[in-house]
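Per my numbering, the sequence shown starts with residue 343, numbered consecutively. Every residue gets a Cβ at the ideal spot worked out from N, C-alpha and C, and that includes glycine.
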Amino acid sequence: MVKIPGFDTLLSKAGNKLVVVDFTATWCGPCVYIAPLFEKLANENADVIFVKVDVDAARDVSGACGVRCMPTFQFYKNGEKVKMKEKWGSRKEEVG
343 MVKIPGFDTL LSKAGNKLVV VDFTATWCGP CVYIAPLFEK LANENADVIF
393 VKVDVDAARD VSGACGVRCM PTFQFYKNGE KVKMKEKWGS RKEEVG
């Protein structure tokens, strides 16, 4: 995996906390639709670190993480990717 200084620092500082990364774009309809649920989950789970990465503003991060479509959710623990879900669509019940 390519090392991205800011992203790697975030994962390192998270320690053993779960980090949920939402790779998103302002022009992505499903991303915009799911954004309020992502924020709600972040507010309800203070022990989890929720991060949004704009794929247009952070192409280096999204590229290094293998993002091919949006929305893409990746889960990290102890600096390692533990799970990934691509293209959830716009149905909120799919998140879970």
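Supposed close pair residue i, residue j - CB separation, criterion 8 Å
| i | j | result |
| --- | --- | --- |
| tyrosine 418 | valine 409 | About 14 Å; that fails the 8 Å criterion. |
| lysine 359 | valine 390 | 7 Å |
| phenylalanine 440 | aspartate 364 | This structure cannot speak to residue 440, because the chain is shown only from 343 to 438. |
Extent of the continuous beta strand (DSSP E) run through residue i
| i | result |
| --- | --- |
| aspartate 402 | It is not in any beta strand (DSSP E) - aspartate 402 instead sits in the alpha helix (DSSP H) that spans 401 to 406. |
| lysine 451 | With the chain running from 343 to 438 in the structure shown, residue 451 is simply not present. |
Reference residue i, options the options, closest by Cα
| i | options | result |
| --- | --- | --- |
| phenylalanine 392 | Asp350, Glu422, Gly348 and Gln416 | Gln416 |
| alanine 367 | Lys394, Gly421, Glu422 and Asn387 | Lys394 |
| tyrosine 375 | Asn385, Asn420 and Met412 | Met412 |
| cysteine 370 | Lys382, Asp396 and Ser404 | Asp396 |
| asparagine 420 | Cys373, Leu379 and Leu353 | Leu353 |
| threonine 414 | Ala384, Pro372 and Lys382 | Pro372 |
is_contact[residue i, chain B] using C-beta, thresh 8 Å
| i | result |
| --- | --- |
| tyrosine 418 | Of the protein chains in the structure, only one exists, and it is not chain B. |
query: Whole alpha helix (DSSP H) runs in the segment 355 to 401 with 4 or more residues, listed along the chain?
result: The DSSP assignment places complete alpha helix (DSSP H) segments of no fewer than 4 residues inside the segment 355 to 401 at 371 to 386, in order along the chain.
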